[in-house]
Structure formats: structure tokens, C-alpha cells
Amino acid sequence: MNTNPLDRGAVEQNLLQADTAALLLALVEDTGDDALLEEYRQYISNPFTLSEDFPEGARQRIAGLAAERFVGGGFQGELVTAAPERFRRLSEEAAQRPVAEHELDLFRKEMGLLEDAFIDWTGDRPVQSDQYRVIIVGAGLSGIATAIHLKRMGIAFTIFDRYDGVGGTWLVNTYPGCAVDILSHYFSYSFHRKNDWTSYYSPQPEVLQYLREVVAEFGLEEHIRFGTTVKSAKFDEATQRWMVHVEDKEGERTEESEFFVSAVGALSAPSIPDLPGMDRFQGQIVHSAAWDPAIDVTGKRVALVGNGASANQVGPNIVDHVEHLTVMTRSPQWVTKAPKYGQHLPAGEIWTLENIEPYARWFRLRSMLAMNEAMRPNAILDPEYVARGMVNAGNEALKKQLTEFMRQELGHRQDLLPLLVPNFPPGMKRMLRDNGWCRMFQRENVELVASRAAAMDETGILDDQGNHADVDLVIFATGFKVARMVGSLSIEGPNGSLRDAWGEDDPRAYLGISVPGFPNLFILYGPNTNIGVGGSIFFQAEAQSQHIATVIRDAIQADVTRVEVREEVYSQYNDDLDAALSHMIWALPTGTTWYRNSKGRVVANMPWTSQDYWDMNRTTDLSHYNTTPRRSTRARAEDSQKALADV
Ligand code: NAP
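Whatever position you read off the sequence shown (first residue = 1), add 22 for this note's numbering.
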């Protein structure tokens with residue numbers, strides 16, 4: 023029996039605030055009442071819409087039945103795992119489309135039901151595992167995901183992080199209004215669901231708090247060396263180990279490990295334009311990703327440079343406090359309305375998430391389905407449209423819809439519409455989720471300067487037309503050096519550096535993770551792993567860390583000391599990648615975007631669906647790598663010692 027003291031009426035009131043589609047699925051799962059599903063399935067919305075389409079009477083009936091079930095002790099079982107056919111049936115209702123067999127495993131993972139979600143030894147823990155150590159650079163969400171697998175297997179590892187806390191990008195991005203713009207119930211680990219997010223799209227402090235909780239829950243803190251910068255890593259052929267040069271407040275030293283994992287992220291090195299006269303400016307300058315909490319914008323004249331996802335959150339959040347805001351935009355941006363963006367979850371819905379486990383699972387799945395590939399149909403090139411300078415029919419329709427939305431949002435400032443509506447197709451850059459961006463320009467204290475920031479002087483900032491804005495504070499929301507991947511580390515393989523292999527901004531890897539010539543090195547959020555059509559970076563981190571942990575586990579079990587992705591595996595992957603990317607919107611040579619490098623090659627985004635990428639990572643194993651057994655390592659070390667002695 024359920025021991026919850028709430029009576030049926032109180033439970034029902036809570037359930038009435040929940041998402042009826044997820045509640046219906048939970049109820050049908052729990053009761054097996056297919057007649058109920060038949061009666062109401064017509065009202066289950068397409069997950070992309072995030073809409074509540076159940077008529078009031080249906081909502082009340084479903085909430086009433088679920089309340090009765092709850093006070094009667096229901097919702098306790100793990101029914102979805104027990105009956106695969108039933109899981110498929112309910113999954114198809116959740117997705118509102120047929121679901122292929124291989125998708126069901128991913129659905130189970132997202133719902134926390136997959137048995138092999140954590141990588142583990144295939145037999146007993148091998149004795150030689152004590153001879154291996156892994157160094158991870160970065161205690162952000164990717165580093166944490168990887169560390170969890172290693173911790174569970176008892177593989178020695180250390181995370182080095184230059185900051186004094188965990189969280190990476192979610193630690194340092196503290197600018198006003200910083201929040202996630204992916205649904206929080208999907209912007210979190212599938213194996214560690216959080217049911218009490220206060221908002222559908224949570225503010226930065228809550229995401230950071232969540233990451234801290236995960237680190238505590240999995241006992242990772244003791245493995246993290248904070249305030250420690252990894253400066254370089256060099257692979258030593260004789261020992262087959264990485265010599266990792268680190269610096270902390272005690273000084274510099276070399277740490278050694280068999281495996282070296284970069285989890286430094288792609289959006290971590292701020293990009294600030296090097297403007298002439300910058301050093302003469304008498305006011306304050308800050309980058310959005312290096313916000314100084316001591317900054318008080320109240321009553322200040324502020325220039326905000328840029329109109330990406332960061333500026334979109336900063337601007338509307340400071341406009342009420344500043345005396346004047348000058349917004350400098352080099353190129354316009356599409357803005358879309360996102361359902362539930364900026365909304366708190368009602369208390370009853372949080373209660374339902376916390377108390378009815380099957381509901382929380384279906385809600386999580388529907389959140390994933392709402393996000394993944396939401397933009398993909400509009401991002402695939404249709405040759406007939408491309409010949410006419412467009413993307414496809416859906417993209418054209420979206421363009422009209424977004425233009426109309428922006429027109430409405432601008433109110434009496436219709437004169438700004440030509441300056442704010444892009445001449446490139448939506449999806450070419452990461453679209454802004456409406457945060458009051460266009461509405462902001464209706465304010466009397468806001469001025470749009472639709473041109474590039476070009477110079478600064480003692481009193482302010484100038485655009486490339488020579489227009490001058492007198493300001494006290496300049497906020498550069500000008501993004502990151504994405505294409506110069508892993509740029510903060512100097513990585514030296516046996517035959518040369520990663521920089522030599524990639525050049526300044528032309529990174530490539532197998533699955534974005536492994537590079538030939540760089541044994542025992544793995545990269546998280548590497549080349550072509552950003553999702554340009556809707557998804558979650560937590561999903562990517564899970565897929566990649568599963569892959570990395572699998573290869574490390576297999577290497578240890580086989581007692582090999584060197585794993586290096588096979589050249590033909592890497593080449594085939596990159597050929598397929600290029601071919602797939604050529605059909606995507608970012609291949610069009612229009613507009614500026616951090617998705618491409620200086621030569622126009624797409625280096626940030628992946629062309630795959632999240633499902634495809636997860637499948638690829640899941641089926642990758644040691645056979646994709648060349649390996650060197652331990653014995654020959656020992657022989658090689660002896661040889662090199664002998665050679666030294668002979669000299
Ligand atoms: P961004 O998307 O690269 O935007 C940088 C902006 O600065 C662009 O509008 C760029 O113009 C502009 N810019 C650069 N130099 C300029 C100059 N000299 N004068 C005027 N404008 C200039 O960077 P971001 O906004 O920091 O976002 C980066 C990524 O971080 C996002 O795409 C997203 O993946 C992530 N992010 C996520 C969230 C979230 O979840 N809510 C929030 C923030 C960031 P052009 O367009 O012409 O290049």
C-alpha cells in the first residue's frame with residue numbers, strides 16, 4: 023500500500039496539473055486498460071508540439087482514475103520491461119509514429135530501464151586493471167559522464183579541472199538570464215533523472231546544482247583535482263603512456279596515465295573580437311562566458327555585441343535595469359517561439375513526477391521526442407529548392423511563419439523588421455528561442471545598431487560605419503573559438519601534434535572521438551558532434567562516454583596497452599560524414615556560423631540523427647582499433663633501455 027498521506031482529492035488536484043498524455047500512458051501501463059487508451063489516444067499530441075490537447079472532461083476522468091489507482095497502491099511495478107510488445111505499443115503512442123525495433127532500446131535508456139546503460143566488466147574484474155589509469159581533462163557534464171563508468175568498474179582515474187568547482191560551461195556561464203534552452207527533463211542524464219526541476223527550461227544555477235548532486239551521488243569528488251590546468255600531454259612510445267603536464271598553485275608537474283580523455287568542451291574558449299582602441303576604453307569590458315558577478319548594470323549605458331543564444335538571454339534580462347542598451351548585431355538571427363519557455367512547472371506536476379515513477383519515465387521520453395530532430399525536416403536540402411536558392415518546402419514555410427512571429431513581436435517598431443529578419447534560411451545557425459528578443463527593441467532605451475563592432479575608444483564602441491555609442495560597459499556575447507577544437511591543450515602524439523594534424527581549424531575524428539596517430543586518446547564533444555537540428559548535449563556525452571568506457575574496458579580485459587583507431591575505419595567514417603553533411607543546410611555557403619571553419623567546412627555539426635549516433639557509438643568496440651598487447655610493450659621498453667645502455 024502506498025503510504026502517501028494525501029487523500030484522493032488532493033492527489034487528483036496534483037494530477038490535473040500534470041501532462042495528460044504522459045499520465046494516460048502511465049495509467050494504461052499500470053492497469054493494462056487498453057479500452058482507456060483506445061478511447062483517448064486521439065488526444066495524445068505530437069511530442070514536438072508540447073501541447074495539451076485533451077478536452078477538459080477527458081483530463082478530469084484520466085486524473086480521477088489515476089488518483090484512485092495511486093491511493094489504492096498502484097504505480098509500483100516495472101511493467102514496461104516485463105512485456106516488450108506492450109512497451110512498443112505504448113512507445114508508439116508516446117511518439118505518435120511507428121517505432122523501429124532499434125529505437126526501443128534507446129527509449130528504454132532514456133527511461134532509465136536499459137540494463138547495460140553502465141559499462142561493466144564482461145566477467146570478473148581483471149587483475150591487470152590496477153595497472154591502468156585514466157586522466158580526464160574537464161569536470162563538465164562530459165567528463166562527469168565518462169568518470170561514472172570508470173568509477174563503477176573500479177578503474178583508477180583523475181579529473182583535472184582548471185576551475186574550483188565542477189560544471190564546466192555551466193559553472194562559468196553566469197551572465198544575467200543564463201538558462202538552458204532544451205527541456206530540462208531531457209537536459210540531464212538518463213541514468214540520473216531529476217524530477218524537481220522548477221522550470222521546463224531551467225536557469226543556470228539549477229543545472230549547476232544538478233551536476234554537483236550527480237558528482238556527490240557517484241562519489242566523484244575524491245577523483246577531481248580542482249584549480250589544476252592541464253597544459254600539455256605527450257605520448258611516450260617506450261611506456262605507451264601519456265605524460266601529462268599540469269600546473270596548480272603548488273607549481274608544475276608531470277602526471278602519467280595509460281589513457282587520456284579530453285572533456286574540455288567545444289564552447290569553452292571565449293572569442294572576443296580584437297578591436298583597435300580596446301585598451302583605451304575607460305569603462306568595463308566583459309565576455310558573456312566570463313561574467314563578473316560584481317558587475318552591476320543598474321543605471322549604466324551598456325553595449326551588447328552579438329545576437330546568438332547568449333545575447334538573447336542577456337539583453338532581455340538587463341533591459342529593465344540599464345539606462346540605455348545599444349545592441350550591435352553583425353548579422354540578423356531567426357527567432358522562434360518555444361512552447362513553455364520561461365514557464366515554471368506547476369507544483370502538481372512536480373508532485374506527479376516525484377511520486378508516480380511511470381509518469382516520470384513517459385514524461386522524460388516525451389521530452390526527448392520533443393527535442394530530438396525537431397528542426398531536421400527543415401534542414402535537409404532539396405535539390406529543386408537549392409537550385410532556386412532555398413532549402414526545401416518546409417523551410418520556406420517556416421521562414422514565413424517566423425517572419426510573421428517576429429513582425430508581431432516588434433509591435434510599433436516595424437521599421438526594424440528588415441534589419442532583424444535574416445536573408446539566410448532558418449536552421450543555418452542555431453535559432454534563438456524567443457526570450458523577448460524582438461519585444462526588447464520596442465523599448466525606448468534600446469537601440470539596434472545592425473552592423474559589426476569595429477573599434478573602441480576611451481568613451482565607447484564604434485561600428486564599421488563609424489557610428490559611436492557612448493557606454494560604460496561593453497558585453498561581448500560574441501561566442502567561442504569552436505573550430506579550434508581542444509585548443510587549450512597541446513597534444514603530442516608519436517608522430518606529431520594534434521594541431522599539426524588538424525591545422526588551426528580543420529578537426530576530424532572517428533565519431534568525433536578518436537584520431538589515427540593519437541593512441542589512447544579520446545575526445546568528448548569533438549569534431550562534428552554538435553547537434554544542429556535539436557537534441558541534448560547530455561545525450562551526446564552519454565553516447566560518447568559509453569563508447570570510450572567500452573574501448574577502455576575491452577583494452578584492459580585484453581591486456582593491451584595501446585589502442586589506436588584504424589585508419590580505414592576513420593577514413594570510411596569521414597567519407598560517410600562528408601557525404602551526409604553535403605545534404606544538410608549548413609553546406610550552403612551562406613551566412614556566418616560557428617558550425618563551419620574558415621574554409622567553409624562544417625566542423626562542429628553532425629549530420630546524423632541522435633538515434634544513429636547512439637547506435638554507432640554503441641556498436642563500436644575494440645575491433646575498430648589497432649591494439650598492442652602488453653608483452654610487446656614490455657619488450658619495447660626493454661629494447662629502448664638496452665639501446666640507451668649501448669650508447
Ligand atoms: P554565437 O552563437 O557564436 O554568437 C556570437 C554572436 O556574436 C553572433 O551573433 C555573431 O555574429 C556576433 N559577433 C561576433 N563578432 C562580432 C562583432 N565584431 N560585431 C558584432 N557582432 C559580432 O555565441 P553564443 O551566443 O555565446 O552561443 C554559442 C552557443 O552556445 C550556442 O549556439 C549554443 O549552442 C550555446 N548556448 C546555449 C545556451 C542555452 O542553452 N540557452 C545559451 C547560450 C549559449 P554573426 O552571427 O555574424 O557571426
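All C-beta atoms, glycine included, are put in the ideal place defined by N, C-alpha and C.
Each residue's CA atom was taken as its position, placing ALA288 and TRP616 some 11 Å apart. When the five nearest sequence neighbours on each side are left out, the beta carbons in the same chain lying within less than 6 Å of the beta carbon of SER113 are those of VAL121, PHE129, in order along the chain. For ALA475, the distance from the CB to the nearest heavy atom of ligand 1 is below 6 Å. Distance from the C-beta of LEU289 to the nearest heavy atom of ligand 1 is below 6 Å. Only buried fits ALA116, as 16 or more other CB atoms lie within 10 angstroms of its CB. Straight-line spacing of the CA atoms in ARG618 and PRO529 works out to 11 Å. Between ligand 1 and VAL573, a heavy atom-to-CB distance of less than 6 Å is absent. Contact between the stretch 324-340 and the stretch 484-499 is established, with three or more Cβ pairs separated by less than 8 Å. With contacts defined as CB atoms closer than 7 Å, ASP218 and ILE378 fail to qualify as a contacting pair. The alpha-carbon separation between PRO516 and ARG588 amounts to approximately 15 Å. For ASP270, the enclosing beta strand (DSSP E) covers residues 263-270. Runs of the beta strand (DSSP E) spanning 3 or more residues and lying entirely within the stretch 159-230 occur at 178-182, in chain order. For ASN417, the enclosing alpha helix (DSSP H) starts and ends at 415-432. Pairing ILE570 with PHE540 gives a Cβ-Cβ distance that is not under 7 Å. By the neighbour-count criterion, in which 16 or more other beta carbons inside 10 Å mark a residue as buried, THR583 falls on the buried side.
Judged by beta-carbon spacing, VAL156 lies beyond the 7 Å limit of ALA89, meaning their Cβ atoms are not closer than that value.
Beta-bridge pairing by DSSP links PRO292 to PHE502. Exclusion of the five residues before and after GLY622 leaves PRO611 as the residues of its chain whose Cβ lies within less than 8 Å of its Cβ. Taken in chain order, the whole alpha helix (DSSP H) runs of length 4 or more contained in the stretch 23-100 are 30-37, 42-53, 56-62, 78-93. Annotation: the continuous beta strand (DSSP E) that includes LEU470 extends over 468-471. GLY482: member of the beta strand (DSSP E) spanning 482-485, first to last residue.
Checking the DSSP bridge columns, you'll see SER284 partnered with VAL159, ILE545. For the options ARG63, GLU61, VAL286, LEU135, the alpha carbon positioned closest to that of VAL102 is the one of LEU135. Between the alpha carbons of PHE385 and HIS207 lies a distance of about 8 Å. Annotation: LEU438 to PHE463 spans about 8 Å, alpha carbon to alpha carbon. In the DSSP assignment, MET462 falls within the unbroken alpha helix (DSSP H) covering 459-462.
In this model, GLU100 and PHE109 are separated by some 11 Å (Cα to Cα).
Put simply, of TYR595, GLU469, THR168, ARG383 the residue whose alpha carbon is nearest the alpha carbon of ALA531 is TYR595. As DSSP reads the structure, LYS256 sits in a beta bridge with MET265, GLU514.
Under the three-state reduction of DSSP output, VAL341 falls in the coil class, being neither helix nor strand. The beta-carbon distance between TYR635 and VAL573, rounded to whole angstroms, is 16 Å. This is too long to meet the 8 Å contact definition.
Assignment of LEU495 by DSSP, reduced to helix, strand and coil, places it in the strand class. Sequence-distant partners of PRO298 (beyond 5 residues in either direction) whose C-beta falls short of 6 Å from its own C-beta, in its chain, are ALA477. The beta carbons of ASN339 and PRO198 sit closer together than 7 Å. PRO448 places its beta carbon 7 Å or farther from that of TRP524.
Residue state for GLU278 is assigned as strand, using DSSP reduced to three classes.
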